[in-house]
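Taking it in order: structure first as structure tokens, then the write-up.
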Amino acid sequence: MTQRDGRAQGMHAQVVEALGARIVADPEQGLDPRDLGAEFGVSLTVIREALRVLSAKGLVAARQRRGTFVRPRAEWNLLDADVVRWRMAGGEGSALLGDLAEMRALVEPSAARLAAERRTDADLEALEEALAAMASAKQPDGAAAADAEFHRALQAATGNEMLARLHSLLEPALRARDTLVHSSSGGEDDPVPGHRAVLDAVRARDADAAARAMAELLAHAEHDARQAAHGTAPGSSPGAAHTTAPGAGHPAR
235 MTQRDGRAQG MHAQVVEALG ARIVADPEQG LDPRDLGAEF GVSLTVIREA LRVLSAKGLV
295 AARQRRGTFV RPRAEWNLLD ADVVRWRMAG GEGSALLGDL AEMRALVEPS AARLAAERRT
355 DADLEALEEA LAAMASAKQP DGAAAADAEF HRALQAATGN EMLARLHSLL EPALRARDTL
415 VHSSSGGEDD PVPGHRAVLD AVRARDADAA ARAMAELLAH AEHDARQAAH GTAPGSSPGA
475 AHTTAPGAGH PAR
């Protein structure tokens with residue numbers, strides 16, 4: 235790659251970032267490529283390439299006579315990693331965490347139940363490794379990665395490929411949530427005991443206990459996530475956060 239190519243890619247990435255964040259924050263705006271080129275001081279080629287990237291994320295489209303426009307929100311890929319990040323940065327963090335929580339509260343206790351019934355020794359090993367990594371993590375990114383790996387391993391232990399795929403689709407939102415909580419001042423309640431309770435129930439093949447442990451984990455995680463989203467230290471005064479019964483919508487770990 236030449237130095238010129240590198241500069242072009244850098245400008246392209248900057249335009250994608252700026253436009254994507256702007257669209258998510260304020261969808262009601264025009265997208266004239268020539269005006270955008272003048273605004274960002276880049277060529278039409280750079281603008282068009284950036285718009286192609288945003289089109290792949292479902293944010294924009296181009297039509298003859300109508301030109302380039304922001305697509306209806308219902309057509310956005312809300313699980314795209316960049317779209318998730320832009321939503322979090324644009325003030326939609328609470329809404330995103332709430333939607334994610336409701337979905338996980340519906341799915342994860344049942345997944346834990348299946349994992350307890352179907353897990354293999356290899357599944358247990360993967361869960362143990364993820365839990366050990368979570369316990370030893372020194373940085374927020376490491377803790378978030380281990381947290382995600384534990385839940386990925388749990389979904390894999392169900393033996394249900396659709397559940398495993400669903401977790402992959404949710405992972406950008408999960409990672410955003412985990413990074414928010416693990417990075418918060420004061421830290422969250424220690425997540426290891428809650429995850430350990432899930433693992434112990436899965437190891438014992440106790441499906442009911444696994445489902446209960448996961449529901450409890452989600453309930454604690456709701457408190458942590460809401461405290462972090464509101465800028466207070468997770469783990470402090472659980473009664474200060476609005477909570478609902480498991481299954482009714484909990485931002486999850």
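In the numbering used here, the protein residues as written are 235 to 487.
We treat Cβ as the ideally placed atom computed from N, Cα and C, and that holds for glycine.
For residue 284 and residue 321, what's the separation of their Cα atoms in angstroms?
To locate residue 284, count along the sequence shown from 1; it is residue 50. To locate residue 321, count along the sequence shown from 1; it is residue 87. The straight-line gap from Cα to Cα measures roughly 19 Å.
Closest to residue 417 by CA distance: which of 448, 442, 458 and 398 is it?
Residue 417 sits at position 183 when you count from the first residue of the sequence shown. Nearest of 448, 442, 458 and 398 to residue 417, Cα basis: 458.
Does DSSP put residue 258 in a helix, a strand or coil?
Start at 1 with the first residue of the sequence shown, and residue 258 comes out as number 24. The answer is helix: DSSP assigns residue 258 an H, G or I state.
Assigned exposure category for residue 288 - 16 Cβ within 10 Å defines buried:
Position 54 of the sequence shown holds residue 288. Flag for residue 288 reads buried.
Could you give the residue range of the alpha helix (DSSP H) that holds residue 435?
Reading the sequence shown from its first residue, position 201 is the one you call residue 435. Where residue 435 is concerned, the enclosing alpha helix (DSSP H) starts and stops at 426 to 437.
Tell me the rounded alpha-carbon separation between residue 361 and residue 309.
If you number the sequence shown from 1, residue 361 lands on position 127. If you number the sequence shown from 1, residue 309 lands on position 75. Approximately 36 Å, taken between the alpha carbons.
Going by beta-carbon coordinates alone, are residue 292 and residue 280 separated by less than 9 Å?
Locating residue 292 in the sequence shown gives position 58, counting from the first residue. Locating residue 280 in the sequence shown gives position 46, counting from the first residue. Cβ atoms of residue 292 and residue 280: not closer than 9 Å.
Between the region 345 to 354 and the region 435 to 453, can you find at least three pairs of beta-carbon atoms closer than 8 Å?
For the pair of segments examined, the region 435 to 453 was found to touch the region 345 to 354: the number of CB pairs separated by less than 8 Å reaches three.
Own chain, CB closer than 7 Å to residue 313, minus 5 neighbours either side, in chain order
For this step, residue 313 is matched to residue 79 along the sequence shown. Taken in chain order, the residues that qualify are 403, 404, 406 and 407.
Apart from the five residues just before and just after residue 246, which ones in its own chain have a Cβ nearer than 7 Å to its Cβ?
As a position in the sequence shown, residue 246 is number 12, starting the count at 1. Only 280, 283 and 284 meet the Cβ criterion.
Contact test: residue 264 Cβ vs the ligand FAD heavy atom, cutoff 8 Å
Looking at this structure, you won't find the ligand FAD or any other ligand, since it has none at all.
Quick check on the DSSP output: the alpha helix (DSSP H) that includes residue 332 runs from which residue to which?
For the purposes of this step, residue 332 is taken as the residue at position 98 of the sequence shown. Counting along the chain, the alpha helix (DSSP H) containing residue 332 begins and ends at 327 to 352.
Residue 317, enclosing beta strand (DSSP E) - first and last residue
Here the question's residue 317 lines up with position 83 in the sequence shown. Boundaries for residue 317: no beta strand (DSSP E) harbours it, while the alpha helix (DSSP H) harbouring it runs 315 to 321, taken from the DSSP string.
Who are the near neighbours of residue 371 in its chain, counting only those whose CB is closer than 7 Å to its CB and skipping five residues on each side?
Counted from its first residue, the sequence shown places residue 371 at position 137. Excluding positions up to five away in sequence, the list reads 377 and 380.
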